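What follows is a short report on a single structure.
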Amino acid sequence: MPDQFDVTDVPERHRYEIRVGDQVAGFAEYALRSDRHGDGETIAFIHTEVDDAFAGQGLAGRLARAALDDARARKLAVLPFCPFIRGWIAKHPDYVDLVPTGRREQFDLA
Numbered sequence: 001m002p003d004q005f006d007v008t009d010v011p012e013r014h015r016y017e018i019r020v021g022d023q024v025a026g027f028a029e030y031a032l033r034s035d036r037h038g039d040g041e042t043i044a045f046i047h048t049e050v051d052d053a054f055a056g057q058g059l060a061g062r063l064a065r066a067a068l069d070d071a072r073a074r075k076l077a078v079l080p081f082c083p084f085i086r087g088w089i090a091k092h093p094d095y096v097d098l099v100p101t102g103r104r105e106q107f108d109l110a
């Protein structure tokens with residue numbers, strides 16, 4: 001697992017990027033939405049990808065954690081349409097609270 005990595009929100013590209021050195025190793029795409037379904041401000045995670053050159057190094061999990069921690073800090077409700085983000089939340093129940101209660105069943109997080 002790389003010791004030096006950085007996760008950054010890149011709002012103009014609608015994604016969080018994880019970099020190892022000066023290379024983008026992966027990203028998590030999202031869409032920000034306001035007050036849909038009464039959820040308040042939401043971030044919908046759509047797709048997560050790690051470059052094959054960095055596969056198997058735990059970077060996707062680090063990316064997910066950093067993106068979700070940022071969503072929590074920004075008080076955004078999370079809609080995990082991305083299967084990887086949804087699965088990561090399922091394995092880390094202390095993040096389920098980010099998904100609005102009324103939407104958890106939709107994502108098999110009830």
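Residue numbering for the sequence shown follows full-length UniProt numbering, beginning at 1 and increasing consecutively.
Ideal placement from N, C-alpha and C gives every residue a C-beta, glycine not left out.
Keep in mind that this is a model prediction, so the values were computed, not measured.
- Secondary structure of GLU49 (DSSP, three-state): strand.
- Annotation: PRO93 to ALA73 spans about 17 Å, alpha carbon to alpha carbon.
- A Cβ-Cβ contact shorter than 8 Å links TYR16 with ALA28.
- For ARG103, there are no CB contacts under 6 Å within the same chain when 5 residues up- and downstream are skipped.
- For LEU68, the enclosing alpha helix (DSSP H) covers residues 59 to 73.
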